[in-house]
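S.K.: Chains as they are written, first to last, in my numbering: chain A, 1 to 157; chain B, 158 to 534.
Ideal Cβ placement from N, Cα and C applies to all residues, glycine included.
These numbers come from a predicted model, not from an experiment.
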Amino acid sequence: MFFNYIGGIFKGIKTLLTGMKVTSSYFFRPSKIVTQKYPENRKELKMFDSFKGEVILTHNENNEHKCTGCGICEINCPNGSIEIVSMFITTEDGKKKKAIDKHIYHLGMCTFCALCVKTCPSNALDFGKDFEQAVFDRARLTKILNKEGSKLMKGVE
Amino acid sequence: MEGVLPINQVVSEVEQQEYIINMGPQHPSTHGVLRFLLSLKGEVVQYVQPHCGYIHRGIEKMTEKITYPQIIHLTDRLDYLSAHMNNEAVSLCVENALQIEVPERVKYIRTIMAELSRLASHQLWWAAFGMDLGALTTFFYGLRDREYILDIFEQTTGSRLTQSYNCPGGLMNDIHPDFQKKVKEFIKNFRKVLPEYNQLLTGNVIFHERTKGIGLLSKEDAISFGVTGPSGRGSGFSCDLRKSHPYSAYDKVDFKEILYTEGDTFARYQVRMDEMLESMNIIEQLIDNIPEGDYALKMKAIIKLPEGEYYQRVESARGEFGVHIISDGNKNPYRVKFRSPNFSNLSAIDSMARGFKIADLVAISGSLDLVIPDLDK
């Protein structure tokens, strides 16, 4: 009984030291430590190309986008985080045509399921690479994706 | 000093008195918002009543209003640690209903992704289980190695946790060119690291004292409660669906079903530790042989299932996850039922914890590996 008790203590110390061997080996091999200094290394941090950040409407350098306002992304969104306000414009040859007035995106409702980006027939939508989305006011989570004065890209129907 | 009882008399009265306390809903050891109503005599648990529903979101009801591809993003949020397997279950169920066969490439990638998420899930479980029992170091070590898998997921699928990668008909996008290289790198690294896990926790005497002979669950009880997954296999209940009802590419790989017959907390621990090795074996057999081909079938824009009932089950990291879809021929399901493994596993906790100390209840609930959002749906 007594020897079992003493033996148990020594066994306990032995297994404790086995565990501490692992932790102390990392203490003497700092090159194996993988933690990152996050707020300081913001500049070097680069997300993967496939990273799903917020949804963006891609614009080219002439402030043109590819969104025709068909509303397929709005139908496919499971949470109702996309609203498209469309309007009718008259083109150069005098025809009336549907175009987007506002492409409203509620970031707070989005679950990043990629259904809108995948189903867009003209590949107008894409994912941004920004991962710091915290804001102080909930209203700032609602974004209008088309930039001011932007037009439909030529050749996109 | 009149009226004050001597201390030994007070202690004996408290030990005889039955009293009821709440554990949770925000106790760190309950892994989420789950409340246990405990009846105690001294330190000994008389009975446990789990009260769930704190994170009920009505996911089954929500699925009745949305289309089949949209269900995927909700099953991600059931058991977030095995999101790939949940998505796979829905995808397979829809594919079986439509009687279509996905390309071989999709099957291989689905299996690899499922095994990777099983590894990540078991790593997180190991980390949290050690922390439940007071070994904080394990938490950092487990999360460190899980980070590699999450990086692989992020590179291919775009998200770390709720990937939404499977969809009816295949996958959302093809794997990243670096995928195979990174997975092989991870397995090479993790084979070196796994002995460290054993040194830190498995061989520790304090850990043995806290887990061996604690929370006994007999094979009969495991079957009658429907305890599946590693928790059921720790009691000798052979319930591995990957072996008995192979789906995806599991019929092409050679692996063992891990079974332990002790039925205590340590047996459930060992099942998961051995499963990590088996998962790595499965991935190694598949990773070099991914066939060329399409990553998805061309599906109709609106998927409508023929009228009828369809059921598909997969082995998630915690047990048998089932999807039962009743379709009336529309684009939305008429009714969807998810069989979540955690709910059945939780039901056994009362018979497991009776007669053990309150501190053992933490070890028992940790060894069941409960994920509360899956339980409450």
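Mark P39 of chain A as exposed unless 16 or more other C-beta atoms lie within 10 angstroms of its C-beta, in which case mark it buried.
M.R.: Exposed, by the Cβ-count rule.
S.K.: Could you check whether the Cβ of G162 of chain A sits closer than 8 angstroms to any Cβ belonging to chain B?
M.R.: Here chain A comprises residues numbered 1 to 157, so residue 162 of chain A is not present and cannot be evaluated.
S.K.: Closer than 7 angstroms to a non-hydrogen atom of the ligand GTP - does that hold for the CB of D93 of chain A?
M.R.: This structure lacks the ligand GTP; in fact it carries no ligand of any kind.
S.K.: Where DSSP assigns a beta bridge to E466 of chain B, which residues make up the other side?
M.R.: For E466 of chain B, which the question treats as bridged, DSSP gives the partners B:I483.
S.K.: Pick out the complete alpha helix (DSSP H) segments inside the region 230 to 275 of chain B, 4 residues or longer, and give them in chain order.
M.R.: You should have 240 to 255.
S.K.: From the DSSP output, in three-state form, read off V471 of chain B for me.
M.R.: Reduced to three states, the DSSP call for V471 of chain B is strand.
S.K.: Would you report the Cα separation of N253 of chain B and Q442 of chain B, rounded to the nearest angstrom?
M.R.: If I take the Cα positions, the gap works out to 26 angstroms.
S.K.: Which bits of chain A does L273 of chain B rub up against, with CB to CB less than 9 angstroms?
M.R.: Ordered by position in chain A, no residue passes the 9 angstroms Cβ test against L273 of chain B, which lies about 16 angstroms from the chain.
S.K.: With distances taken Cα to Cα, identify the nearest neighbour of G386 of chain B among B:Y417, B:E366, B:I363, B:S405.
M.R.: Of B:Y417, B:E366, B:I363, B:S405, the residue nearest in Cα terms is B:Y417.
S.K.: Helix, strand or coil: which one does DSSP assign to F88 of chain A?
M.R.: In the structure shown, F88 of chain A sits in a strand (DSSP, three-state: E or B).
S.K.: For A134 of chain A and chain B, any beta-carbon pair shorter than 8 angstroms?
M.R.: Answer no: the Cβ-Cβ gap between A134 of chain A and chain B never drops below 8 angstroms.
S.K.: With a threshold of 8 angstroms, are at least 3 pairs of Cβ atoms found where one atom belongs to the region 361 to 370 of chain B and the other to the region 379 to 395 of chain B?
M.R.: Not touching, per the Cβ criterion.
S.K.: Run through the DSSP bridge pairs and tell me what Q206 of chain B is partnered with.
M.R.: Answer is B:L194.
S.K.: Just to check my reading of the structure: S473 of chain B and P498 of chain B have Cβ atoms closer than 8 angstroms, yes? What is that Cβ distance to the nearest angstrom?
M.R.: Confirmed, Cβ separation roughly 6 angstroms.
S.K.: Pull up the distance between the alpha-carbon of D236 of chain B and that of M153 of chain A, whole angstroms please.
M.R.: The straight-line gap from Cα to Cα measures roughly 42 angstroms.
S.K.: Figure out for me which residue from B:I380, B:F297, B:T319, B:I332 has the closest Cα to the Cα of L231 of chain B.
M.R.: If we check each option's Cα against that of L231 of chain B, B:T319 comes out closest.
S.K.: Under 7 angstroms Cβ-Cβ, which residues of chain A neighbour H230 of chain B?
M.R.: Simply P78, T111, C113.
S.K.: On the DSSP bridge list, what partners appear for N355 of chain B?
M.R.: Paired residue(s): none; N355 of chain B is not in a bridge.
S.K.: Does the contact criterion of 3 or more C-beta pairs under 8 angstroms hold for the region 278 to 287 of chain B versus the region 485 to 493 of chain B?
M.R.: Because the criterion of three Cβ pairs below 8 angstroms is not met, the region 278 to 287 of chain B and the region 485 to 493 of chain B do not touch.
S.K.: Under 8 angstroms, Cβ to Cβ, is there at least one residue of chain B near T18 of chain A?
M.R.: True, the Cβ-Cβ gap to chain B drops below 8 angstroms.
S.K.: When DSSP builds the beta bridges, which residues end up paired with N179 of chain B?
M.R.: DSSP lists B:L194 as partners of N179 of chain B.
S.K.: I'd like to know if V22 of chain A contacts chain B, where contact means its C-beta is closer than 8 angstroms to some C-beta of that chain.
M.R.: Output row for V22 of chain A: interface = yes.
S.K.: Thinking Y404 of chain B and T368 of chain B are a contact (beta carbons under 8 angstroms), I'd like their distance in whole angstroms, please.
M.R.: Rounded, the Cβ-Cβ distance is 33 angstroms, inconsistent with contact.
S.K.: For V202 of chain B, count neighbouring C-beta atoms within 10 Å of its own C-beta (all shown protein chains included) and say buried if the count is 16 or more, exposed if not.
M.R.: So V202 of chain B ends up on the buried side.
S.K.: So, using beta-carbon positions, are C250 of chain B and V480 of chain B closer together than 8 angstroms?
M.R.: In contact: C250 of chain B and V480 of chain B (Cβ atoms closer than 8 angstroms).
S.K.: Could you work out which residues of chain A lie near M329 of chain B, taking near to mean beta carbons separated by less than 8 angstroms?
M.R.: In chain order: A114, K118.
S.K.: Work out the CA separation of T268 of chain B and Y305 of chain B for me, nearest whole Å.
M.R.: Roughly 18 angstroms separates the two Cα atoms.
S.K.: Could you tell me whether the Cβ of S50 of chain A comes closer than 8 angstroms to any Cβ of chain B?
M.R.: With 8 angstroms as the cut-off, S50 of chain A counts as an interface residue toward chain B.
S.K.: Which residue comes first and which comes last in the alpha helix (DSSP H) that contains Y5 of chain A?
M.R.: Counting along the chain, the alpha helix (DSSP H) containing Y5 of chain A begins and ends at 2 to 27.
S.K.: How many Å lie between N330 of chain B and T295 of chain B at the Cα?
M.R.: Approximately 35 angstroms, taken between the alpha carbons.
S.K.: For V493 of chain B, would you say it is in contact with chain A, using Cβ-to-Cβ distances shorter than 8 angstroms as the test?
M.R.: By this cut-off, V493 of chain B is not an interface position.
S.K.: Alpha carbon to alpha carbon, how far is F112 of chain A from Y105 of chain A?
M.R.: If you take the alpha carbons of F112 of chain A and Y105 of chain A, they lie about 12 angstroms apart.
S.K.: The alpha helix (DSSP H) spanning V117 of chain A covers which residue range?
M.R.: V117 of chain A -> alpha helix (DSSP H) spans 115 to 119.
S.K.: Helix, strand or coil for C324 of chain B, going by three-state DSSP, please let me know.
M.R.: Three-state result, C324 of chain B: strand.
S.K.: Contact defined as beta carbons within less than 8 angstroms: I believe A505 of chain B pairs with D378 of chain B. What is the distance between those atoms, to the nearest angstrom?
M.R.: Yes, A505 of chain B and D378 of chain B are in contact; Cβ-Cβ is about 6 angstroms, under 8 angstroms.
S.K.: In the DSSP assignment, find the unbroken alpha helix (DSSP H) run with T422 of chain B in it and report its ends.
M.R.: It spans 422 to 444 - the alpha helix (DSSP H) in which T422 of chain B sits, taken as one unbroken run.
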